[in-house]
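For reference, the structure is listed below as structure tokens.
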Amino acid sequence: MRRYTRALLWCTVFAVFSGWYIYSQLQVNGDHDDHGGAGGGGGGRHADSAGRRRIHIPFVDKNPHWFHRYIMRGQTVPGGLPGPLEAPSMHLAVVACGDRMEETLTMAKSAVLLSVGHLHLHIFAEEQLHAGFRDTLDSWPGSVRARFNYTVYPISFPSDHAVEWKKLFKPCASQRLFLPLILKDVDSLVYVDSDVVFLQPLDPLWALLWRFNATQLAAVAPEHEEPRLAWYNRFARHPFFGATGLNSGVMVMNLTRIRSAHFKNDMTSVGLRWEELLMPLLQKYKLNITWGDQDLLNIIFHHNPDGVHILHGNRGVFHNLKQPAFQAAYDAIRQYPFGADPNATLLAPLERALLKTTNTYCGKSHALLTKALARSLDNINRRVPPRRSAT
Numbered sequence: 001m002r003r004y005t006r007a008l009l010w011c012t013v014f015a016v017f018s019g020w021y022i023y024s025q026l027q028v029n030g031d032h033d034d035h036g037g038a039g040g041g042g043g044g045r046h047a048d049s050a051g052r053r054r055i056h057i058p059f060v061d062k063n064p065h066w067f068h069r070y071i072m073r074g075q076t077v078p079g080g081l082p083g084p085l086e087a088p089s090m091h092l093a094v095v096a097c098g099d100r101m102e103e104t105l106t107m108a109k110s111a112v113l114l115s116v117g118h119l120h121l122h123i124f125a126e127e128q129l130h131a132g133f134r135d136t137l138d139s140w141p142g143s144v145r146a147r148f149n150y151t152v153y154p155i156s157f158p159s160d161h162a163v164e165w166k167k168l169f170k171p172c173a174s175q176r177l178f179l180p181l182i183l184k185d186v187d188s189l190v191y192v193d194s195d196v197v198f199l200q201p202l203d204p205l206w207a208l209l210w211r212f213n214a215t216q217l218a219a220v221a222p223e224h225e226e227p228r229l230a231w232y233n234r235f236a237r238h239p240f241f242g243a244t245g246l247n248s249g250v251m252v253m254n255l256t257r258i259r260s261a262h263f264k265n266d267m268t269s270v271g272l273r274w275e276e277l278l279m280p281l282l283q284k285y286k287l288n289i290t291w292g293d294q295d296l297l298n299i300i301f302h303h304n305p306d307g308v309h310i311l312h313g314n315r316g317v318f319h320n321l322k323q324p325a326f327q328a329a330y331d332a333i334r335q336y337p338f339g340a341d342p343n344a345t346l347l348a349p350l351e352r353a354l355l356k357t358t359n360t361y362c363g364k365s366h367a368l369l370t371k372a373l374a375r376s377l378d379n380i381n382r383r384v385p386p387r388r389s390a391t
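Read in order, the letters of the sequence shown are residues 1 to 391 in my numbering.
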């Protein structure tokens, strides 16, 4: 009998505390609803000092990638509430040394001209080039300046081996290896070489970030698509990625993942952080590498292939200047004055110039270049009005 009495007592105590907990939660929720109503909206909407309603998304700060996915897919805010959320800037990084300033500015011009989303340009350059970059970028029309911000950085390498890193392959090219360590507040970015010209918006490249699986931390294009003509599988004296290696001229990088990852390697039995890996890797392979930092990236991703998202079809988006047809595209964009009719002063001159390159392999396919550019120029007239000025 005593056993049943004790069980009844415990059940009574449990019921009392459960009822008290439920009542307290209902009271708290009621207070929240009252605050929401006072601001002109309920259930997650709050009012600012001007009485305007703004939407509160409690987990955006903790999970910024969710916010990016929301922006890219055009979904409604959780709970079905529409709201004027502002998309984050797309981050574009480039390195310029020596005589590469005009080339870099042409790349930036093509990206700003054709992209739909707001850009933030990260320009790493030698000190003597900084004033030239600022003067040129600040001279662009206000309507163009409103589409992008920019920051100019000095070339910076780890002090113990700065000279060795700077002279690796082309001057300053290895700076891109240190972007995750320098841009600590940037979650993701697109890196491009200075000789890249965009013929389509940057936006589709940026959207690749949301297609990464749980292990991928960079999207990179193959060095070559034809193994019989590829360089790495025929001549490389070090490990490389896949069948033909990777080309580091364009990289979509999740910097947060790169900073936090531990990379497998052939030097230690445990994974190394990015900052721990670079110098030992250079010391081991510096006598066997030809293409500098690109070779180091190939070695890293040879041992970590699950970290790569292969970037296919890149030739419709950007081009280097090794072909006359691509040089024609570069010249057309360089000479285009902002504010002029892009069809008359950019597309038409490019079409005329491409007709002179039909004796080359790429020139025979010049219609593909003009088709991509024409489609991109159509976006300019439909562009959303600029939403903020640069800093």
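We treat Cβ as the ideally placed atom computed from N, Cα and C, and that holds for glycine.
Give the DSSP-derived three-state secondary structure of P171 in the structure shown.
Three-state result, P171: coil.
Distance check for M101 and Y361, CA to CA, integer angstroms please.
One C-alpha to the other measures close to 29 Å.
Going by DSSP in three states, H161 sits in which element: helix, strand or coil?
Helix.
Please state the DSSP three-state secondary structure of L183.
Coil, per DSSP.
Could you give the first and the last residue of the continuous beta strand (DSSP E) run that contains P222?
Looking at the DSSP string, the run of the beta strand (DSSP E) that includes P222 is 218-222.
Taking the beta carbon of L205 as the centre, do at least 16 other beta carbons fall within 10 Å, making it buried, or is it exposed?
Counting Cβ neighbours within 10 Å, L205 comes out buried, since at least 16 surround it.
Is it right to say S159 is buried, meaning 16 or more other beta carbons lie within 10 angstroms of its own, or is it exposed?
S159 is exposed by the Cβ-count criterion.
Report the three-state DSSP secondary structure of T136 (helix, strand or coil).
Helix.
Taking the Cβ atom as the reference point for each residue, do S89 and L137 lie within a distance shorter than 9 Å?
Going by C-beta atoms, S89 is not nearer than 9 Å to L137.
If contacts are defined as beta-carbon pairs under 8 Å, then G339 and P201 qualify, I think. What distance do you get, rounded to the angstrom?
Going by Cβ atoms, the distance from G339 to P201 rounds to 19 Å, so no, they are not a contact pair.
If we count the other Cβ atoms within 10 Å of its Cβ and call it buried at 16 or more, is N213 buried or exposed?
With fewer than 16 other Cβ atoms within 10 Å, it is exposed.
Would you mind working out which of E225, N247, F198 sits nearest A372, comparing C-alpha positions?
Closest option to A372, Cα to Cα, is F198.
Determine the direct distance from the alpha carbon of A348 to that of S376, and round the result to whole angstroms.
In a straight line, the C-alpha of S376 is about 14 Å away from that of A348.
Would you kindly work out how many angstroms separate the C-alpha atoms of L272 and A236, rounded to a whole number?
About 24 Å.
Keeping to the same chain, check which residues put their C-beta closer than 8 Å to that of S115; ignore five residues upstream and five downstream.
Same-chain partners within the cutoff: M90, R147, F198, P201, L202, D203.
How would you label P324, buried or exposed, when you count the other beta carbons within 10 angstroms and need 16 or more for buried?
That one is buried.
Take the Cβ of N304 as the centre, count every other Cβ of all protein chains shown within 10 Å, and call the residue buried at 16 or more, exposed below.
With 16 or more Cβ atoms within 10 Å of its Cβ, N304 is classed as buried.
Among the candidates T256, R234, F133, A162, whose CA atom is the shortest distance from the CA of L189?
Of the listed residues, the one whose Cα sits closest to L189 is T256.
If you draw a straight line from the C-alpha of N254 to the C-alpha of T345, how long is it?
Their backbone Cα atoms lie some 37 Å apart in a straight line.
By a C-beta neighbour count over all protein chains shown, 10 Å radius and 16 as the cutoff for buried, is M107 buried or exposed?
So M107 ends up on the buried side.
For R246 and G363, what's the separation of their Cα atoms in angstroms?
Note that residue 246 is Leu in the sequence shown, not Arg. Approximately 25 Å between the Cα atoms of the pair.
Per the contact definition of three or more C-beta pairs closer than 8 Å, is the region 91-98 in contact with the region 167-187?
Contact between the region 167-187 and the region 91-98 is present, because at least three Cβ pairs lie under 8 Å.
Answer with buried or exposed for K109, where buried requires no fewer than 16 other C-beta atoms within 10 angstroms of its C-beta.
Under this definition K109 is a buried residue.
DSSP puts T151 in a beta bridge; with which residues?
BP columns for T151 point to H122.
Just the Cα atoms here: how many angstroms apart are A131 and Q335?
Using only the alpha carbons, I get a separation of about 21 Å.
I'd like to confirm the pairing. Which residues does DSSP put opposite V250 in its beta bridges?
In DSSP, V250 forms a bridge with V192.
Should A329 be labelled buried (16 or more other beta-carbon atoms within 10 Å of its own) or exposed?
A329 comes out buried.
Can you list, in chain order, the residues of its chain whose CB lies under 7 Å from that of E127, leaving out five sequence neighbours each side?
The answer, listed in chain order, is P154.
Exposed or buried, P222, counting other C-beta atoms within 10 Å across all chains shown (16 or more means buried)?
Result: buried.
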